[in-house]
Amino acid sequence: SKTRRDKRRTHYKASETTLYTCPNCSAPVQYHRVCEECGTYRGKQAIKKQVSL
1 SKTRRDKRRT HYKASETTLY TCPNCSAPVQ YHRVCEECGT YRGKQAIKKQ VSL
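Residue numbering for the sequence shown follows my numbering, starting at 1 and increasing by one per position.
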């Protein structure tokens with residue numbers, strides 16, 4: 001039944017996104033992602049970022 005199905009699924013929750021601090025620019029970054037502020041990943045420059053003047 002729908003009730004039994006829905007009761008079983010009450011324990012499935014979306015987990016909160018885990019963040020860490022970028023060692024290069026101290027911006028919050030998701031794990032396994034390139035830093036959007038400075039463009040580094042695991043200490044290496046992954047993408048070139050334009051510096052705004």
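Glycine included, each C-beta is placed from N, C-alpha and C at the ideal position.
All figures in this text were calculated on a predicted structure; none of them were measured in a lab.
Can you find the residues in the same chain that come closer than 7 Å, C-beta to C-beta, to residue i, ignoring five residues on each side of it along the sequence?
i   : result
P28 : L19, T21
C25 : C35, E37, C38
Y31 : T18, Y20
K49 : C38, G39
In the DSSP output, what is residue i paired with across the bridge?
i   : result
K44 : Y41
V29 : Y20
Whole angstroms is fine: what's the gap from residue i's alpha carbon to residue j's?
i   : j   : result
G43 : H11 : 38 Å
K2  : S15 : 24 Å
R8  : Q45 : 46 Å
Residue i: beta carbon under 7 Å from a heavy atom of the ligand ADP?
i   : result
T21 : What this structure holds is no ligand at all, so the ligand ADP is not there to describe.
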